[in-house]
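Only one structure is covered here, and it is reproduced in the block below.
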Amino acid sequence: MADIQKLVTMLNELDDQLVNCMRCGMCQAVCPVFTETGREADVARGKISLLDGLAHEILKDPKGVKDKLDRCLLCGTCQANCPSGVHVLDIFLKARAILTGYFGLSPAKRAIFRQLLTRPELFNKLTSFGSKFQGLFAKPVNDVLGTSCARFQAPVIADRHFPRLADKAFHKIAPAMDQPAGSSGKRVAFFPGCMVDKVYPKVGQAVLKVLAHHGVGVFMPHGQACCGIPALSSGDRDSFEKMVGTNAELFANADFDYIITPCATCSATLKDIWPTMVDDEGLKARIAPVSAKVLDISEFLVDVLGVTALEGASGKKVTYHDPCHLRNSLHVTAQPRTVIKATGNASFVELPNAATCCGCGGSFSLQHYDISKKIGDLKAKSVEDSGAETLATSCPACMMQISDRLSQRGHSVPVKHVVEVYADSLG
Amino acid sequence: MADQALLKEFEAVVGADNVMSAESDTHAYSYDAAVLDSVAPAVVVRPTETEQLGQITALCNKHGLPLTVRGAGTNLSGGTIPSKGGVVVLTGALNKVIELNTDDLYAIVQPGVVTAKFAADVAAKGLFYPPDPGSQAVSTLGGNVAENAGGLRGLKYGVTKDYLMGISFFDVDGNLVKSGSRTVKCVTGYNLPGLMTASEGTLGVFNELTLKLIPPPQAAQSMMAVFDDVQAASKTVSAIIAAKILPATLEFMDNFTIRTVDNFRKAGLPTDAAALLLIEVDGHPAQVAEEAEKVEKICSEHGARSVDVARDADHRAKVWQARRDALPALANLKPTCVLEDATVPRSKIPAMMQALDRISKEFKLTIGTFGHAGDGNLHPTILTDKRNHDEWVRVEKAIDAIFDEALAMGGTLSGEHGIGMAKAKYMEQETSRATIEFSRRMKKSLDPKGILNPGKIISALLD
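Protein chains in written order, with the numbering used here: chain A, 384 to 810; chain B, 536 to 998.
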């Protein structure tokens, strides 16, 4: 544990950002965690006041502040709705890094980030190994949603209904690719992200199918590292930079028009977080051109390839959940809906409260499953109320969370990625 | 840290989960939206049933603990900043609409119901609850009553006090006091709903509120009038009212605010205009059509460069977006944003605008002014950085000067934000020594130990 004065000095560097919060409290209206708990320390205004108090030595409980700071989904809804334009995510990510530096990383996280996520090959081997034996621990509960639950008491899994690790990871199914631009004249780099690679390879396959259909050349090197957000949101900036560095090796010198992902979180991380949170100047310069080319898959299909909604489409009712990272960070909301409408065989219905967080928030759902569940249940209820026969979204983490809640509530509305819905329509 | 025996007593009433005493919890209840120093309480209690409110109040009185009730903590006068070593009681979990009566047009609510949610529930039943404070998305009805909150519709529809028909509250001993009724007419006894409105938690702890509902207007028409001269815009406000037209809203924005808003949203506002008036008339469609035409004519006759009448719902939303953006746009400019609400009789708006201009120059401060011109309730907004000590001293002097001017014009310290801690020192200036003494005697007899939100409204004479 470092010196508290050093902690105070580091937090003081955030002062120019902290002072912008005018304590209006409007974040209470939109914060999914506050909605459940009603506690001021759970909303942005409260957390900012705690950091401010710690920085100015008004309160002297860094552990208490860290615990409160960790009770946040990092969904960014407060930031998107803040009248004063406070950069809440930026403040929280930096503050988590500072507090983690003070307390040190937990042994479990240290192992996961430093030994595993920063070493993609080992990570791949371990998950591949895990996928072969998971049947011993997990049993299927819902065939439509593809969820399983633990066979016996398991601390991290609890009573979750989770999608099992794919029998074969995406990088095992799809070869490394380095195609020239296709008939569209475009060539994209494809960053599937860990969740698609290890849990939802079918989403990656759908992306490849769609790109082939539109004549887009694909550059997809194997050995991609995690985008880094799990490490960063736990305050481990070193591991984060290592992962960005591994990805920079693969992408920074390659030639492509856009880098696309089917994961809202990866998109937001590559585009917004890489340029702002990477400290190393050399690395920052190398990744800047990559970040500038990031597009979500739906954004690419609509804005670049010109995919448009078809008039008079009819078919099964499909609804759409807005992942926070697409809506709040990248302001991408129309394109995924257009892609669903472009299938021609779906009738799109708007999801009540489509823009609210599903409650996953990465490691938040591991640390605060009770709150995460309640937030997720609101989303599952909206899906039920919409009458939709399929729920589509643009983030594999949201897919996992919503599947869990629907499955637990005994509902069998299939949860798909938007690009899967579109790929299905291509026959 | 509060003493353990005391915490056990609170826990016995509301359960351990609803008693918070860790520093990282209490500090989060040390402030509200006013630019004032924070003060952390010793304990924060979150009752889930209103009966617990009475028990907690009695417990605080027994131990002589200062008690501050807190809804969303959005008020701008320091009304919910607690006392050191005191207790904060949260009303967030007391959020039930107990009755929404569409035959007799009233609703009975618990104090923690969020204003906008309530207004939406009421609208879903085809009725209307007009008070719409700027913080309505999070503010609570208990807080609205305690602070007598206003909003954009004050001119025609009045403020929170005009909608409180009845109240029940706990006295310091935890006894339930009831006054007012479900009937429109009620003259039974002292007008305690009136007394409790704007009492800022200093006289009792609210249990239930009976609120008046009204039929919604059938139609509305909005317009934006552009002026090259502030005085012409100010005089137009008086002229509209003098023509016996009472718009639902009549809002003002000065040139600085217009430019800031336009820069914020690139909405294509006339950035060279000296002032804008945003006007909405509502009511029966025929009356709306007639009044809109008259208002447009009055604006033109009084020097409006142009009058943009909203063509449809989208256009109307655009007009009001400009007004809604005023505070966020200003707030984005500088770290600290001091939002005042000095209010003058309508006819004095031109003079008040001149005074604000003079004050901003005299104290070398950036002041953007917008607000509810129709009811004389302006929001001069001082943009500063409270860390800049020299400038902050000038800000405090400027605030004194603003209130001196407003009071000299027969105005008031607060149109809608309340007195709290921020304006207690000016109270005697607006009222009289006797008024303060009378209020203090009343408070003393109702709250002998002075536990109910001490330090607010009439506190300046206590030391």
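We put the beta carbon where it would ideally sit given N, CA and C, even for glycine.
Drop a sphere of 10 angstroms on the beta-carbon of residue i, count the other beta-carbons inside from all chains shown, and report buried for 16 or more, exposed for fewer.
| i | result |
| --- | --- |
| residue 749 of chain B | exposed |
| residue 725 of chain B | exposed |
| residue 431 of chain A | buried |
| residue 527 of chain A | exposed |
| residue 633 of chain B | exposed |
| residue 893 of chain B | exposed |
| residue 695 of chain A | exposed |
| residue 997 of chain B | Low confidence applies here, because residue 997 of chain B scores a pLDDT of 47, under 50, leaving its location unreliable; read the following figure in that light. The residue is exposed, with fewer than 16 neighbouring Cβ atoms inside 10 Å. |
| residue 523 of chain A | exposed |
| residue 351 of chain A | Residue coverage of chain A in this structure runs from 384 to 810, which leaves residue 351 of chain A outside it and unanswerable. |
| residue 755 of chain A | buried |
| residue 536 of chain B | With a pLDDT of only 49 at residue 536 of chain B, under 50, the local geometry of the prediction cannot be trusted, and no value is derived from it. |
| residue 561 of chain B | buried |
| residue 1004 of chain B | Residue 1004 of chain B is absent from the model: chain B starts at 536 and stops at 998. |
| residue 846 of chain B | exposed |
So which residues of chain B does residue i contact, with C-beta pairs closer than 9 Å?
| i | result |
| --- | --- |
| residue 637 of chain A | What residue 637 of chain A touches in chain B: nothing, since even the nearest Cβ is about 36 Å away. |
| residue 402 of chain A | 870, 871, 920, 921, 922 |
| residue 451 of chain A | 559, 560, 563 |
Taking a contact to mean a Cβ-Cβ separation below 8 Å, would you say residue i touches residue j in this structure?
| i | j | result |
| --- | --- | --- |
| residue 899 of chain B | residue 851 of chain B | no |
| residue 600 of chain A | residue 564 of chain A | yes |
| residue 641 of chain B | residue 746 of chain B | yes |
| residue 737 of chain A | residue 699 of chain A | no |
| residue 771 of chain B | residue 812 of chain B | yes |
| residue 884 of chain B | residue 891 of chain B | no |
| residue 568 of chain B | residue 951 of chain B | no |
| residue 606 of chain B | residue 678 of chain B | yes |
| residue 809 of chain B | residue 763 of chain B | yes |
| residue 452 of chain A | residue 478 of chain A | yes |
| residue 712 of chain B | residue 675 of chain B | no |
| residue 806 of chain B | residue 868 of chain B | no |
| residue 922 of chain B | residue 391 of chain A | no |
| residue 612 of chain B | residue 861 of chain B | no |
| residue 612 of chain A | residue 643 of chain A | no |
| residue 871 of chain B | residue 570 of chain B | yes |
| residue 688 of chain A | residue 566 of chain A | no |
| residue 725 of chain A | residue 805 of chain A | yes |
| residue 721 of chain B | residue 729 of chain B | no |
| residue 684 of chain A | residue 722 of chain A | yes |
Give the C-beta separation of residue i and residue j to the nearest angstrom, bearing in mind that I take them to be a contact with Cβ-Cβ under 8 Å.
| i | j | result |
| --- | --- | --- |
| residue 626 of chain A | residue 614 of chain A | 7 Å |
| residue 629 of chain B | residue 617 of chain B | Their Cβ separation, rounded to whole angstroms, is 18 Å, which puts residue 629 of chain B and residue 617 of chain B out of contact at 8 Å. |
| residue 991 of chain B | residue 943 of chain B | Not really, about 25 Å apart at Cβ, beyond 8 Å. |
| residue 780 of chain B | residue 842 of chain B | No, residue 780 of chain B and residue 842 of chain B are not in contact; Cβ-Cβ is about 14 Å, not under 8 Å. |
| residue 839 of chain B | residue 761 of chain B | 6 Å |
| residue 377 of chain A | residue 578 of chain A | No answer is possible for residue 377 of chain A: the residues shown for chain A start at 384 and end at 810. |
| residue 663 of chain B | residue 594 of chain B | Not confirmed; about 39 Å, so no contact. |
| residue 650 of chain A | residue 713 of chain A | 6 Å |
Run down chain B in chain order and give the residues with a C-beta less than 7 Å from the C-beta of residue i.
| i | result |
| --- | --- |
| residue 466 of chain A | 862, 863, 866 |
| residue 424 of chain A | 559, 560, 563 |
| residue 770 of chain A | The premise fails here: residue 770 of chain A is roughly 20 Å from chain B at the closest Cβ pair, so nothing lies under 7 Å. |
| residue 412 of chain A | 672, 673 |
| residue 436 of chain A | 562 |
Name the chain A residues that come within less than 7 Å of residue i, Cβ to Cβ?
| i | result |
| --- | --- |
| residue 609 of chain B | 407, 408 |
| residue 627 of chain B | 421 |
Tell me whether residue i counts as near the ligand FMN, meaning its Cβ is closer than 7 Å to at least one heavy atom of that ligand.
| i | result |
| --- | --- |
| residue 878 of chain B | For the structure depicted, the ligand FMN is absent and the ligand set is empty, with no information on it obtainable. |
Under 8 Å Cβ-Cβ, which residues of chain A neighbour residue i?
| i | result |
| --- | --- |
| residue 558 of chain B | 442, 443, 444, 447 |
| residue 670 of chain B | 407, 408, 409 |
| residue 694 of chain B | Result: empty, since nearest Cβ-Cβ is about 20 Å, beyond 8 Å. |
Identify the contact partners of residue i in chain B, using a Cβ-Cβ distance below 8 Å as the criterion.
| i | result |
| --- | --- |
| residue 433 of chain A | 559, 562, 563 |
| residue 429 of chain A | 563 |
What residues from chain A crowd round residue i, counting only those whose CB sits closer than 9 Å?
| i | result |
| --- | --- |
| residue 567 of chain B | 406, 408 |
| residue 581 of chain B | 421, 422 |
### Task
Write down every uninterrupted run of the beta strand (DSSP E) in the segment 712-792 of chain A whose length is 3 residues or greater and which is fully enclosed by it, in chain order.
729-731, 773-776
### Query
What are the start and end residues of each continuous alpha helix (DSSP H) run of 4 or more residues lying completely inside the segment 544-621 of chain B, in chain order?
558-561, 585-598
### Message
Quick check for students: name the residue ranges of the beta strand (DSSP E) that lie wholly in the segment 816-862 of chain B, counting only runs of 3 or more.
### Response
839-844
### Task
Let me know the alpha helix (DSSP H) ranges lying completely inside the segment 545-594 of chain A, each 4 residues or longer, listed in chain order.
The segment 545-594 of chain A contains these whole alpha helix (DSSP H) runs: 553-556, 577-581.
### Message
Which complete alpha helix (DSSP H) runs does the segment 698-741 of chain B hold, if anything under 4 residues is left out?
### Response
727-731
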